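What follows is one structure encoded as structure tokens, with my remarks underneath.
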Amino acid sequence: MSRSNRTLLELYELMMLTRTLDEVLGKHDGHWHGLEGEEAMIAGIYHGLRKSDVVAPHYRGAVSAALAKGADLRTIMAGCLGRSTSYHAGRHRSDICGPPEYGLIGLYAGSLGPPLGYAAGGALASKLDRRDDVAVGVFGDGTSSRGDCHEAMNMAAVLNLPMVFVCQNNQIAISTELKAGVGGRIVDRGPATGMPGVRVDGNDVLAVKDAMDEAVARARTGGGPTLIECQSYRVAGHFYSDAEDYRDPHEIERWREKDPVTRFRRLLVEQGVETADLLARTDARIGKDVQGAFDAALQDPVPDPRGLDPGSVYAEAAP
Ligand SMILES: Cc1ncc(C[n+]2csc(CCOP(=O)(O)OP(=O)(O)O)c2C)c(N)n1
1 MSRSNRTLLE LYELMMLTRT LDEVLGKHDG HWHGLEGEEA MIAGIYHGLR KSDVVAPHYR
61 GAVSAALAKG ADLRTIMAGC LGRSTSYHAG RHRSDICGPP EYGLIGLYAG SLGPPLGYAA
121 GGALASKLDR RDDVAVGVFG DGTSSRGDCH EAMNMAAVLN LPMVFVCQNN QIAISTELKA
181 GVGGRIVDRG PATGMPGVRV DGNDVLAVKD AMDEAVARAR TGGGPTLIEC QSYRVAGHFY
241 SDAEDYRDPH EIERWREKDP VTRFRRLLVE QGVETADLLA RTDARIGKDV QGAFDAALQD
301 PVPDPRGLDP GSVYAEAAP
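Reminder that position 225 of the sequence shown reads as 225 in this note's numbering, one-by-one numbering, no gaps.
The following block contains the structure:
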């Protein structure tokens, strides 16, 4: 599919924003779950969705889902740092719980899988209301083995819901390799429930974007759900300070050479969409914006615990 230069540059910016945010937060907090190597999947999945579409993102990339739908960087950053100036006033973590007013379904209990069922509920609501909004449910390869994932896919197929399921397959779940945790091919679970299954190179942002656009258009026009499996690799550790003694460092290096951001940057320059100098300026601007949002949010107050739970014994004392 041929794309306008504007779309290509938006995709690049979303990839760079995703990477930069990750690096800034990972440097601050060793327990931040990084996403190096997965930027193409994340940008390709979330770019271009409507604010009114319902999205249950995979936790790795959930921040970018919120930003792609128009949420404010500074406010999201405050949530990632647990500040009271966040969309949730500090009640939930913005890294995994995006603002509902932007159609985001959060990983409120931290349990992987249930949000896929909630997203199917969002798709059902859209269908019953005769809207043409879609729901997008994103999950990792490890999460694909959860019952919630199978149930949501089956229900979406049976009810012909306007929904897109996307597997962000990075081939590992903490330290469990794909072959040790997943039976068969994830993509085949689409046809197994009666929906199309599409497999794409998750390091190619345009392949992901094309598959998403087709599936979203199909869902919006009553064609029902689709499963997309994006194949990539988790170059990042499970979290930044992960000792990673469970995998071969050479494998990580081999995949680092296929870095999706470098690959897309090269393509944009080769095709004359943008010069390397201008892309470097874009990178610098994004770096400044993200660092600025981080520095500012760090100064914000943390929430007063007495005001967080309206049902708590502290409620009366809360301001
Ligand atoms: C139901 C449930 N089981 C276990 C966990 C603990 N956990 C957190 S991240 C993670 C790995 C999930 O793997 P995958 O879905 O492949 O996503 P990835 O981390 O590779 O992006 C696990 C098991 C959880 N949060 N929820």
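Just so you know, even glycine gets a beta-carbon here, dropped at the ideal spot from N, CA and C.
Since we're looking at a predicted model, the values are computed, not measured.
| Query | Result |
| --- | --- |
| Cβ-heavy atom distance, R60 to ligand 1, below 7 Å | yes |
| As assigned by DSSP and simplified to three states, the class of Q231 | strand |
| Neighbour-count burial assignment, L279, 16 or more Cβ in a 10 Å radius | buried |
| Buried versus exposed call for H250 [16 or more other C-beta atoms within 10 Å across all chains shown] | exposed |
| Endpoints, beta strand (DSSP E) assigned at A322 | Missing from the structure shown is residue 322; the chain here goes from 1 to 319 and no further. |
| CA-to-CA distance, D245 to G110, given in whole angstroms | 25 Å |
| First and last residue of the uninterrupted beta strand (DSSP E) at A71 | Neither: A71 is in no beta strand (DSSP E) and is coded neither H nor E. |
| Residues that G320 bridges to, as DSSP identifies them | Nothing can be reported for residue 320: it is not among the residues displayed for the chain, which extend from 1 to 319. |
| Residue range of the unbroken alpha helix (DSSP H) whose run includes G117 | P114 to L128 |
| Assigned secondary structure, D148 (DSSP; H/G/I helix, E/B strand, else coil) | helix |
| 8 Å Cβ cutoff met for D53 and D133 | yes |
| Distance cut-off 7 Å: F139 Cβ against heavy atoms of ligand 1 | yes |
| For P3, the three-state DSSP class (helix, strand or coil) | The residue asked about is misnamed: residue 3 is Arg in this sequence, not Pro. In this structure, R3 counts as coil in the three-state DSSP scheme. |
| Chain-order list of residues whose beta-carbon lies under 7 Å from that of D283 (same chain, five-residue window excluded) | M16 |
| Buried versus exposed, by CB contacts within 10 Å (16 or more), S94 | buried |
| Inter-residue Cα distance where the pair is Q168 and Y118 | 18 Å |
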